[in-house]
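Just so we're aligned, residue 0 is where the sequence shown starts under numbering that gives the first Met the number 0, counting upward by one.
Ideal Cβ placement from N, Cα and C applies to all residues, glycine included.
As structure tokens, the structure follows; a few thoughts come after it.
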Amino acid sequence: MKPSSSSAMAWLYRGLALAGLVSTWAFNLHYLGTGGSLAPSRFWADAMVNPLTSAITIDVYLSALVFSIWVWHQTAATSRWRALGWIALCFGVGLVVALPLYLAQREPQTTPGTA
0 MKPSSSSAMA WLYRGLALAG LVSTWAFNLH YLGTGGSLAP SRFWADAMVN
50 PLTSAITIDV YLSALVFSIW VWHQTAATSR WRALGWIALC FGVGLVVALP
100 LYLAQREPQT TPGTA
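Now the structure itself:
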């Protein structure tokens, strides 16, 4: 049986979330293992070390804020805890993980034989 396109998209999103988790957290763990810190003053100083890292940092954090507002608007009416979970995942693990997983769970679910 051929998977439906929505099922394939959900798996693509999950794969991208996994790739994002592995690729970014390899750097995060290296940063923390070599004396980096999540203390705001140290973290932001390190993230803004040059114009390129400043641009990328601002881009990602503003995108995460937009994602969080969107998730809250879409999800909070049915479950504030679920919305808060997605927002916590976004800022605690990363937008690169939270966004594709959120999109995967929004894909229409098909049952065998209905696609």
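- Counting C-beta atoms within 10 angstroms of its own C-beta, Ala18 has fewer than 16 neighbours from the protein chains shown and is therefore classed as exposed.
- Each of Val95, Pro99, Leu100, Met47 was checked against the Cα of Ser22, and the nearest Cα belongs to Val95.
- DSSP places Leu37 in the coil class of the three-state scheme, outside both helix and strand.
- Just so you know, the alpha carbons of Ser40 and His29 end up roughly 19 Å apart.
- If you look at Asn49, you'll find it isn't in any alpha helix (DSSP H); DSSP assigns it neither H nor E.
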